[in-house]
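Chemist: Below is a structure I'd like to ask you about.
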Amino acid sequence: MDGKTFLKALETNNSKIINQIYQKNFFSIKNFILQNKGSVEDAEDIFQKALLQLAVRLKRENFEINSSFGGFLYTVCKNLWRRELNKNKNWVTNNEVVERVSEERENAEAYLEIKKQELFIEMMGKLSENCKHILNLFFAKLSYAEILTKTEYNSETVIRQRVFKCKKKLTELIKSDVRYLKLATI
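With the sequence shown counted from 1, adding 113 to any position gets you our numbering.
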């Protein structure tokens, strides 16, 4: 099934297809959260929150996912979990009152993250196949030595230069898009 089918299922609350979303995507998200100081319950909460935010967004605006639905959902969950970890870092453990971010603000931040991610993915798509390949390896946190084994280049120095040039090109593409200014000023 494609992203449109999954989005439609979220919009119409089609439990059969939503169950398929869980079956296809929850395992990888659970693994990410478990590897990053979370529990199975945290993974379930984040997964639910991500699906809810996508459903809310669908009600606000009609949008499409140009990458794989699973990859998009994984990114949304990853961003939500990172935000959760950052928020928990600032909690005070004594008797002082801790002000928590309102749900509306949290949803607005998640919406902004999704928009930024969409712009990033779209601009990655405009890069050469070579740049996409190298940056995907780099963003997957592979070392330069590991990237070297997966490419046709003959030294880590060349890989470093290539990563630098590709990141620079990606940054230029993102910053030249009118949406970048709008997202940067929010």
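We put the beta carbon where it would ideally sit given N, CA and C, even for glycine.
Remember, predicted model here, so these are calculated numbers, not experimental data.
1. Got a sec? Which residues, its chain only, sit under 7 Å from residue 257 by beta carbon, not counting five neighbours each side?
2. To which residues of the same chain is residue 122 closer than 6 Å at the C-beta, ignoring the five residues directly before and after it?
3. Ordered along the chain, which non-local residues of its own chain (more than five positions away) have a Cβ less than 8 Å from that of residue 172?
4. Assign residue 249 to one of three DSSP states: helix, strand, or coil.
5. Along the alpha helix (DSSP H) that carries residue 256, what are the first and last residues, could you check?
6. Excluding the 5 residues preceding and the 5 following residue 251 in the sequence, name in chain order all residues of the same chain whose CB lies nearer than 6 Å to its CB.
7. Considering only their Cβ atoms, is the gap separating residue 223 from residue 166 smaller than 8 Å?
8. Determine the burial state of residue 212: buried for a count of at least 16 other Cβ atoms within 10 Å of its Cβ, exposed for fewer.
9. Helix, strand or coil for residue 128? Go by DSSP, reduced to three states.
10. If you run the structure through DSSP and keep just helix, strand and coil, what is residue 212?
11. If you follow the alpha helix (DSSP H) that residue 284 is in, where does it begin and where does it stop?
12. Quick one: Cα of residue 278 to Cα of residue 126, how far?
13. Report buried or exposed for residue 175, applying the criterion of at least 16 other Cβ atoms within 10 angstroms of its Cβ.
14. For residue 236, I'd like the list of residues in its chain whose CB is within less than 8 Å of its CB, leaving aside the five on either flank, ordered along the chain.
15. Is the beta carbon of residue 193 less than 8 Å from the beta carbon of residue 227?
Modeler: The relevant details are as follows:
1. If you number the sequence shown from 1, residue 257 lands on position 144. Same-chain partners within the cutoff: 269, 272, 273.
2. Within the sequence shown, residue 122 is the residue found at index 9, counting from 1. Correct list, in chain order: 130, 131.
3. The residue labelled residue 172 in the question sits at position 59 within the sequence shown. Closer than 8 Å at Cβ, skipping near neighbours: 124.
4. Along the sequence shown, one-based indexing puts residue 249 at 136. Three-state DSSP puts residue 249 in a helix.
5. Here residue 256 is taken as the residue at index 143 of the sequence shown, counted from 1. Premise fails: residue 256 is in no alpha helix (DSSP H) and is neither H nor E.
6. In the sequence shown, residue 251 corresponds to position 138, counting from 1. If we look at residue 251 and ignore the five residues flanking it on each side, its Cβ neighbours are 276.
7. Taking the first residue of the sequence shown as 1, we reach residue 166 at position 53. Taking the first residue of the sequence shown as 1, we reach residue 223 at position 110. It is a contact, given that the beta carbons lie within the stated cut-off.
8. By one-based count along the sequence shown, residue 212 stands at place 99. Low confidence applies to residue 212: its pLDDT is 46, below 50, so where it sits in the model is not reliable enough to give any reading.
9. Mapped onto the sequence shown, residue 128 falls at position 15. Helix.
10. Looking up residue 212 in the sequence shown gives position 99. Confidence at residue 212 is low in this model, with a pLDDT of 46, below 50, so the placement of that residue should be treated as unreliable; the coordinate-derived value is given next. The answer is coil: DSSP assigns residue 212 none of H, G, I, E or B.
11. What you label residue 284 is simply residue 171 of the sequence shown in a count that begins at 1. Here the alpha helix (DSSP H) through residue 284 covers 269-289.
12. What you label residue 278 is simply residue 165 of the sequence shown in a count that begins at 1. What you label residue 126 is simply residue 13 of the sequence shown in a count that begins at 1. Roughly 44 Å separates the two Cα atoms.
13. The residue you call residue 175 lines up with position 62 of the sequence shown. Exposed.
14. Residue 236 sits at position 123 when you count from the first residue of the sequence shown. Same-chain partners within the cutoff: 283, 286, 287, 290.
15. As a working mapping, residue 193 is identified with position 80 in the sequence shown. As a working mapping, residue 227 is identified with position 114 in the sequence shown. It is not a contact, given that the beta carbons lie outside the stated cut-off.
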